Structures are given as structure tokens and as C-alpha cells.
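K.L.:
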Amino acid sequence: MSRSDSNNDKKASGRQGGTFRKKSYARGNAPVKKKTEAKPPSDPNVMRLNRYVANSGVCSRRDADIYISAGNITVNGKPITEMGYKVKLTDEVKFDGRLLNPEKKEYVLLNKPKDFVTTPKDEHGRRTVASLVSSASKSKLTVVGKMDKSTTGLLLFTNDGEMTKRLTKPKNGLRKIYHVELNKNLRGEDLLKIKEGISIEDSVVRVDDISFIENAPKREVGIELKSTRNKIVRRIFEELEYEVVKLDRVVYAGLTKKDLPRGHWRHLTEQEVINLGMIK
């Protein structure tokens, strides 16, 4: 049999004039794929109960399953022991009677610039500190305490309501250090008066420490105190007829401005959060 006869026994390709053609998936010849039903998007307002409990900071998800099976968790007043149970963010979830919040706790430290107010919104159109940390979290963060417009330095923001209450209690022993610049040199006798305690509105304000700034003019001092009274540093010096030209909070509850330029923010480290949690 000749080679041509052998080829004729097989159907030749289209190029050779035969009827055989290789499958082509070019253009419209591609096989039709079966349509798969798209999964509906998950509802961001619904989550598994164990995740809800874990996000609240009570425990891990694995431990949450144990508490759920033991009946420690209630949803809208009803004990839930079902694994995989889903809840809405609007549901009232309690652990041993304690109301839980599933929002992840976040803590942001800002080095506040001058001319920013600490109110969330300002009816006079002034710039707010909230605008400086707007990109730090998707959660609504609130500032801990207050700071007047012209004061600079450390401000803490969080969505942890319990910690905010602890840090703003009048007698929490919260350590704050300020760098103060006055309009004139501070006299030695006035520095001693501040150390001994200054009476403001029939109440004595005591500081933990006050000293001149090393290698700086005598009009610059560092002052450490725990008082939560409004504008108390300015009022101390005004009582002695000095004007505060610059006021910068350089330490707040053990947090410092190290590696944090003016106008910038950072998230607290895990250890810093633990340290704040120890403040009662």
C-alpha cells in the first residue's frame, strides 16, 4: 500500500481537503459553560454567636463554643446552646449577665497639632482632631478626655467605652507630663509655690513634679500632674501671673511621642493596651 493510500484511509485534515477537522474553541466555538448560581452576599449585620462572643474580648472562639454549650450565653434573654447559632448585631447578647459588644476594640494615639478642636463636629467650621484619625479605623473612635485648641501633644482615641470611663475618672492616678513655655522666665520662688500646691477656686492643686527644661531658657518647664480639671496647667501659671505661650503634652498614661511626628497617629501595641487596662 502506498503512503497516499494509507493517508486516504484516515480522514484528512481540512487543510488537506478531507472532512476531518480538529475541534476549535476560537471565537464562538468554545463550549458553553454551565451557569452556576451566584452565592448571595453575606449579611455584615449577622454573625455566628461564637464569633460575636470572641469579638467582644471575652475569650477565643473555641472557648466561646464551650460557654455556649454550657448555657452561659443568652440572646435577647434566652439561653442559647446551639452550635453555629447566628445573631444580629442588634440582638442583646450577654455573658453571665454582662452585656457584650462584638465590635473589635481599637486604640489610636495621635500627636495633636495646634488649632484643632477635640469636639466631634464644630459649628464654627474649625478643624477637628477626628478628621486626623478618620483613616485609622472603620469603627467610630472617640477621643479620651479633652484638649483645648491651642494645646498640642498626645491624645488617645478608642471605641472601648469601659476604658474611656476608667481613664477619665477624676481619681485614676493617670500620669501626664507637659512641656510648658511661658511668656517670661519662671521665678524660683514661683516654682516652689507650684511644688507646694496652688489654690485655685478654693481647691489646692498639687503637682507630682515640676522642673526647668535642661539646656533651655528659664521660661520653659516640665510639669507632671494627675489632675483632670479643665485647662488646669494654664490656670496654675495664670494664678501666678504668667501666660502660657506653648503647651505640649509629651506623656499620657505611660504613652510617649517617640517616633510619632506632629499630626500623625499610630495604633497602640498589645502591651500598651494591657498597661492601660491595669489603670482602675
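One point on numbering: in UniProt numbering, the residue at position 138 of the sequence shown is 138, and numbering is uninterrupted. Where a beta carbon is used, it is the ideal one built from N, C-alpha and C, also for glycine. Keep in mind the model is a prediction, meaning the values are calculated, not measured.
For Leu155, does the three-state DSSP call read helix, strand or coil?
P.N.:
Here residue 155 refers to the residue found at position 155 of the sequence shown. If DSSP states are grouped into helix, strand and coil, Leu155 belongs with the strands.
K.L.:
Tell me which residue opens and which closes the beta strand (DSSP E) that Leu276 is part of.
P.N.:
Along the sequence shown, one-based indexing puts residue 276 at 276. Per DSSP, Leu276 belongs to no beta strand (DSSP E); it is in the alpha helix (DSSP H), 270-277.
K.L.:
Measuring only the C-alpha atoms, how far is Val205 from Lys226?
P.N.:
Within the sequence shown, numbered from 1, the residue matching residue 205 stands at position 205. Within the sequence shown, numbered from 1, the residue matching residue 226 stands at position 226. The straight-line gap from Cα to Cα measures roughly 10 Å.
K.L.:
I'd like to confirm the pairing. Which residues does DSSP put opposite His267 in its beta bridges?
P.N.:
Counting from 1 along the sequence shown, the entry for residue 267 is found at position 267. DSSP lists Val108 as partners of His267.
K.L.:
Would Lys104 pass as a contact of Asn45 if the rule is Cβ separation under 9 Å?
P.N.:
For the purposes of this step, residue 104 is taken as the residue at position 104 of the sequence shown. For the purposes of this step, residue 45 is taken as the residue at position 45 of the sequence shown. Contact: no.
K.L.:
Taking only runs of the alpha helix (DSSP H) that begin and end inside the region 125-211, which ones reach a length of at least 4 residues, in chain order?
P.N.:
161-167, 188-196
K.L.:
In chain order, what are the residue ranges of uninterrupted alpha helix (DSSP H) at least 4 long that sit wholly in the region 47-81?
P.N.:
49-55, 61-69
K.L.:
Span of the alpha helix (DSSP H) holding Phe237?
P.N.:
Numbered from its first residue, the sequence shown carries residue 237 at position 237. 232-239 is the span of the alpha helix (DSSP H), which, as asked, contains Phe237.
K.L.:
Less than 6 Å between C-beta atoms, sequence neighbours within five positions excluded: which residues of the same chain meet that for Thr74?
P.N.:
Locating residue 74 in the sequence shown gives position 74, counting from the first residue. Excluding residues within five positions, the ones whose Cβ falls inside 6 Å are Lys94.
K.L.:
Check this for me: beta carbons of Lys176 and Tyr252, under 9 Å apart or not?
P.N.:
On the sequence shown, residue 176 is found 176 positions in, with the first residue counted as 1. On the sequence shown, residue 252 is found 252 positions in, with the first residue counted as 1. Going by C-beta atoms, Lys176 is nearer than 9 Å to Tyr252.
K.L.:
Consult DSSP for Tyr242 and reduce its assignment to one of helix, strand or coil.
P.N.:
The count along the sequence shown starts at 1 and reaches residue 242 at position 242. If DSSP states are grouped into helix, strand and coil, Tyr242 belongs with coil.
K.L.:
Cutting at 6 Å between CB atoms, please list the residues of its own chain near Glu277, excluding the five before and the five after it.
P.N.:
Position 277 of the sequence shown, counted from the start, is the residue given in the question as residue 277. In the sequence as displayed, the identity of residue 277 is Gly instead of Glu. Counting only Cβ-Cβ distances below 6 Å, and skipping sequence neighbours, we find nothing.
K.L.:
Would you list the residues sitting across from Leu89 in a DSSP beta bridge?
P.N.:
Residue mapping note: residue 89 aligns to position 89 of the sequence shown, counting from 1. Answer is none; Leu89 lacks a bridge partner.
K.L.:
According to DSSP, what are the bridge partners of Thr256?
P.N.:
Residue numbering aside, residue 256 sits at position 256 when the sequence shown is read from its first letter. Val251, per the DSSP bridge assignment.
K.L.:
To the nearest angstrom, report how far apart Leu110 and Leu156 are at their CA atoms.
P.N.:
Here residue 110 refers to the residue found at position 110 when the sequence shown is read from its first residue. Here residue 156 refers to the residue found at position 156 when the sequence shown is read from its first residue. Distance between the alpha carbons of Leu110 and Leu156 is about 6 Å.
K.L.:
How is the beta strand (DSSP E) around Ile213 delimited, first residue to last?
P.N.:
Position 213 of the sequence shown, counted from the first residue, corresponds to residue 213. Neither: Ile213 is in no beta strand (DSSP E) and is coded neither H nor E.
K.L.:
As a quick exercise: from Asp202, Arg166, Ser69, Leu247, pick the residue whose alpha carbon is nearest that of Asn275.
P.N.:
The count along the sequence shown starts at 1 and reaches residue 275 at position 275. When only C-alpha atoms are compared, the closest one is Arg166.
K.L.:
In the DSSP output, what is Lys114 paired with across the bridge?
P.N.:
The residue given as residue 114 occupies position 114 in the sequence shown. Looking at the DSSP assignment, Lys114 forms no beta bridge with any residue, so it has no partner.
K.L.:
Smallest Cα separation from Ile198: which of Glu241, Arg126, Asp65, Glu220?
P.N.:
If you number the sequence shown from 1, residue 198 lands on position 198. Cα-wise, what sits closest to Ile198 is Glu241.
K.L.:
Report, in whole angstroms, the separation of the C-beta atoms of Gly153 and Arg249, which I expect to be a contact under 8 Å.
P.N.:
Translated into the one-based positions of the sequence shown, residue 153 becomes position 153. Translated into the one-based positions of the sequence shown, residue 249 becomes position 249. Going by Cβ atoms, the distance from Gly153 to Arg249 rounds to 3 Å, so yes, they are a contact pair.
K.L.:
Do you know how far the Cα of Asp63 is from the Cα of Pro79?
P.N.:
Along the sequence shown, one-based indexing puts residue 79 at 79. Along the sequence shown, one-based indexing puts residue 63 at 63. The straight-line gap separating the alpha-carbon atoms of Pro79 and Asp63 is approximately 17 Å.
K.L.:
Quick one: residues in its chain with C-beta nearer than 7 Å to the C-beta of Val245, no 5 flanking neighbours on either side, listed in chain order?
P.N.:
Residue numbering aside, residue 245 sits at position 245 when the sequence shown is read from its first letter. Excluding residues within five positions, the ones whose Cβ falls inside 7 Å are Glu181, Leu182, Asn183.
K.L.:
If you run the structure through DSSP and keep just helix, strand and coil, what is Glu220?
P.N.:
To locate residue 220, count along the sequence shown from 1; it is residue 220. Of the three classes helix, strand and coil, the one that applies to Glu220 here is strand, per DSSP.
K.L.:
Note down the Cα distance separating Lys218 from Ile232, rounded to an integer number of angstroms.
P.N.:
Position 218 of the sequence shown, counted from the first residue, corresponds to residue 218. Position 232 of the sequence shown, counted from the first residue, corresponds to residue 232. Taking the straight line joining both Cα atoms gives about 21 Å.
K.L.:
How would you label Asp148, buried or exposed, when you count the other beta carbons within 10 angstroms and need 16 or more for buried?
P.N.:
Locating residue 148 in the sequence shown gives position 148, counting from the first residue. Counting Cβ neighbours within 10 Å, Asp148 comes out exposed, since fewer than 16 surround it.
K.L.:
Going by DSSP, name the residue or residues bridged to Leu99.
P.N.:
Locating residue 99 in the sequence shown gives position 99, counting from the first residue. Answer is Lys94.
K.L.:
Excluding the 5 residues preceding and the 5 following Leu174 in the sequence, name in chain order all residues of the same chain whose CB lies nearer than 8 Å to its CB.
P.N.:
Indexing the sequence shown from 1 puts residue 174 at position 174. Excluding sequence neighbours, Leu174 sits near Leu167, Lys226, Thr228, Tyr252, Ala253, Ile279.
K.L.:
Applying the criterion that 16 or more other CB atoms from any shown protein chain within 10 Å of the CB defines a buried residue, is Asp190 buried or exposed?
P.N.:
Here residue 190 refers to the residue found at position 190 of the sequence shown. So Asp190 counts as buried.
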